[in-house]
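Peer 1: Just remember that my numbering sits 58 ahead of the position in the sequence shown, which is counted from 1. Please read through the structure below; I'll follow up with questions.
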Amino acid sequence: MAWTLSSSLDDFRDQAGGFLAAYPAQNTVLLTVVHRLVERGPDVFGPQPPVFGWWRPRTGGPVEGAFLQTPPFEPRLALMPTAAAASLAAELASAGAAVTQFGGVSGSTTAVRAFAAAWTAATGAGHTVRGEERLYRLVEPSGPPRPPAGRSRLAEPADRELAIRWYDEFLAEAGVLLPDVPQAVDDRIAAGGLHLWEDDGSPVALAGSSPVIAGMSRIGPVYTPVDRRGRGYASAVTAAASAHALALGAAEVLLYTDLANPTSNSIYQQIGYRAVEDCLSVDFAGQNT
59 MAWTLSSSLD
69 DFRDQAGGFL
79 AAYPAQNTVL
89 LTVVHRLVER
99 GPDVFGPQPP
109 VFGWWRPRTG
119 GPVEGAFLQT
129 PPFEPRLALM
139 PTAAAASLAA
149 ELASAGAAVT
159 QFGGVSGSTT
169 AVRAFAAAWT
179 AATGAGHTVR
189 GEERLYRLVE
199 PSGPPRPPAG
209 RSRLAEPADR
219 ELAIRWYDEF
229 LAEAGVLLPD
239 VPQAVDDRIA
249 AGGLHLWEDD
259 GSPVALAGSS
269 PVIAGMSRIG
279 PVYTPVDRRG
289 RGYASAVTAA
299 ASAHALALGA
309 AEVLLYTDLA
319 NPTSNSIYQQ
329 IGYRAVEDCL
339 SVDFAGQNT
């Protein structure tokens, strides 16, 4: 079993691109990150170069696992067997500081647990769970059971400042880092992938949708300001964004929810989403490397 590590986006796409596209749901994060690197360049997430890797269980065999890291973010594991995740941890631990400067790892729960156990064994670092998510796939598209007043529309340049503010509020609430929020908002608006729900002529909720990549589009972020919650706006704008992705040709429409939030896990199922897999983010501390 062998991992290949590389700093070349072109090599990663050439070697692992087919594998990522073959499992678009489980590999949704890597597909969207690679898409953004292609569009915006290798420094879109930060000045340090990305690190890529792909795994073949036997020489000359097909790729059956992959990961990438875009510093300052942690490595993100694609679909892979637990043996590959453990092997990757050992490989990165022995590769030196150039690749081991990260504070955690994220991906499917089974892969992350295998990686974390092997990383702890190799480095002495303890690990703690930072967050648990569930990946959902749209299976039975439907509108919200209790549709709210209003309508959906695509965000326009005039909505930019509002969208930036809501992105910032969402990220602060979720505890997530996004390096350049204004650029992310501008890109979504320009691509027609930022959806607003309006009630009485004013925006009351927001949902993003990614471009269709390998037949997949992912919804997010979804945000309703605190004083507008509990009225069905999040369900409605998510349903609208999902329908938009389907209309653009997406065969898979996906979204993540925080497992600690029972409300979001319930409302998305009401509009036709069904669970695919659970995902985990862990933090490392006290490593000896």
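For every residue, glycine included, the Cβ atom is placed at its ideal position computed from N, Cα and C.
Buried or exposed for residue 300, going by 16 or more other Cβ atoms inside 10 Å?
Peer 2: buried
Peer 1: Return the bridge partner residues of residue 263 from the DSSP annotation.
Peer 2: 255
Peer 1: Given residue 180, which residues of its chain have a CB within under 7 Å of its CB, disregarding the five upstream and five downstream residues?
Peer 2: 147, 148 and 151
Peer 1: Look at residue 358 and residue 342 and say whether their C-beta atoms are less than 8 Å apart.
Peer 2: Because the chain in this structure spans residues 59 to 347, residue 358 falls outside the shown range and cannot be described.
Peer 1: Which runs of the alpha helix (DSSP H) at least 4 residues long sit entirely within the region 73 to 107? Give them in chain order.
Peer 2: 86 to 98
Peer 1: Ignore the nearest five residues each way along the sequence and tell me which others in residue 246's own chain have a CB closer than 6 Å to its CB.
Peer 2: 252 and 266
Peer 1: Taking contact to mean at least 3 C-beta pairs separated by less than 8 Å, is the region 327 to 336 in contact with the region 100 to 110?
Peer 2: no
Peer 1: Smallest Cα separation from residue 215: which of 243, 261 and 117?
Peer 2: 243
Peer 1: For the beta strand (DSSP E) holding residue 122, just list the boundary residues, first then last.
Peer 2: That residue, residue 122, is in no beta strand (DSSP E); it is neither H nor E in DSSP.
Peer 1: Near residue 310, which residues of its chain fall below 7 Å by C-beta distance, leaving aside the five closest residues on each side in sequence?
Peer 2: 82, 83, 195, 273 and 274
Peer 1: Let's see if you can read the secondary structure: which residues bound the alpha helix (DSSP H) around residue 171?
Peer 2: 167 to 181
Peer 1: Do residue 236 and residue 278 have their beta-carbon atoms positioned less than 8 Å apart in this structure?
Peer 2: no
Peer 1: Look up residue 277 in the DSSP assignment and give the residues it is bridged to.
Peer 2: 267 and 313
Peer 1: I need the straight-line Cα distance from residue 65 to residue 95, nearest angstrom please.
Peer 2: Roughly 12 Å between the two C-alpha positions.
Peer 1: Do you know whose CA, among 68, 281 and 140, lies nearest residue 175's CA?
Peer 2: Residue 140 is the option with its Cα nearest to residue 175.
Peer 1: In the structure shown, what three-state DSSP assignment does residue 341 receive?
Peer 2: strand
Peer 1: Determine the extent of the alpha helix (DSSP H) in which residue 53 is found, giving its start and end residues.
Peer 2: Lying before the first or after the last residue shown, residue 53 is absent from the chain, which here runs from 59 to 347.
Peer 1: So, are the CB atoms of residue 262 and residue 223 less than 8 Å apart?
Peer 2: no
Peer 1: Between residue 90 and residue 268, what straight-line distance do the alpha-carbon atoms span, to the nearest angstrom?
Peer 2: 8 Å
Peer 1: Which residues in the same chain as residue 74 place their Cβ atom closer than 7 Å to its Cβ, once the five residues preceding and following it in sequence are excluded?
Peer 2: 112, 121 and 124
Peer 1: Just mark residue 133 as buried or exposed, buried being the case when its beta carbon has 16 or more other beta carbons within 10 Å.
Peer 2: buried
Peer 1: By the 10 Å Cβ neighbour count, where 16 or more other Cβ atoms means buried, how is residue 78 classified, buried or exposed?
Peer 2: buried
Peer 1: If you draw a straight line from the alpha carbon of residue 62 to that of residue 201, how long is it in whole angstroms?
Peer 2: Taking the Cα positions, residue 62 is about 45 Å away from residue 201.
Peer 1: Should residue 234 go down as buried or exposed, given a rule of 16 or more other Cβ atoms within 10 Å for buried?
Peer 2: exposed
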